[in-house]
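Below is one structure, written out as structure tokens, with a few remarks after it.
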Ligand SMILES: [Zn+2]
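In our numbering, the protein residues as written are 9 to 268.
Written out as structure tokens, the structure is:
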């Protein structure tokens, strides 16, 4: 069971004790916290596999738990936390608030995609923008935003997004999110040279809005595509997806260390 209050108080204690230590700090002890967000949960199933046997909320949780283990195997000294650790409902605002409260250095919202025709396939990574970069990006944002209206070129709650973007530009987090998204795509390409790289896209995702760290939303593939859905749910597919994501986190960690 995810106990946010318990986690935050524990984190606060750990942070205080780390910061109170004034002695020389070995490089491996630098603070770095990744927040993983398994999309959907509870009464929000997300999308389904072609035969209906797998729901997105279960696959995103499985991915997050595997990614947590993979990152800790590569970077044992960092912290990896999840916005949910079981099948529970969690609003998009709560997810980003959790990442902010934890003072995360990176936020990855994990999802699988679906298309009206059930024929699209490929992996893509989103960063926040007021405008959707394409009709497909708008459709994806609309689905992940719990059916909020979002059309390409149109603004959704423009004033709020504009304020957020100004803050992001000031803090350079938006640029860092773009680099992180590119790195995620590059590592997936390496693992899946024959799959379609749908690239880095922009859209007004609620779950990225307000994040005070490099924040991305990763769509690992189309769960409702018969062939790709089978890959996404297989152990070998999961291993490669998670391995690529973990490599991207390592890249981000290295960049983070260099700037400190
Ligand atoms: Zn989703």
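A virtual CB, placed ideally from N, CA and C, is assigned to each residue, including glycine. Remember, predicted model here, so these are calculated numbers, not experimental data.
Exercise. Rounded to whole angstroms, what's the CA-CA distance from residue 240 to residue 172? Just pull it up for me.
Key: Whole-angstrom Cα-Cα distance: 33 Å.
Quiz item: Quick one: complete beta strand (DSSP E) runs, 3+ long, within the region 199-231?
Solution: 205-211 and 223-230
Practice problem: Compare the beta carbon distance of residue 251 and residue 132 with 9 Å and say whether it is the shorter of the two. | Solution: no
Self-check item: ligand 1 heavy atom lying under 8 Å from the CB of residue 68
Solution: yes
Quiz item: What's the call for residue 191, buried or exposed, on a 16-neighbour Cβ count within 10 Å?
Solution: buried
Exercise. Could you tell me if residue 110 is buried or exposed, where buried requires 16 or more neighbouring beta carbons within 10 angstroms of its beta carbon?
Key: buried
Quiz item: Say the cut is 8 Å; is the CB of residue 151 nearer than that to a heavy atom of ligand 1?
Solution: yes
Quiz item: Should residue 119 be counted as a contact of ligand 1 given a C-beta to heavy atom distance under 8 Å?
Solution: yes
Exercise. Find the nearest neighbour of residue 88 within the set 100, 98 and 72, judged by alpha-carbon distance.
Key: Selected option, being the one with the closest Cα: 72.
Practice problem: Assign residue 269 to buried or exposed, taking buried as 16 or more other Cβ atoms, counted over all protein chains shown, within 10 Å of its Cβ. | Solution: No answer is possible for residue 269: it lies beyond the span of the chain, which begins at 9 and ends at 268.
Exercise. Compare the Cα-Cα distances from residue 70 to each of 42, 266, 243 and 97 and report the closest residue.
Key: 243
Practice problem: Return yes when the C-beta of residue 252 is under 8 Å from any heavy atom of ligand 1, and no when it is not. | Solution: no
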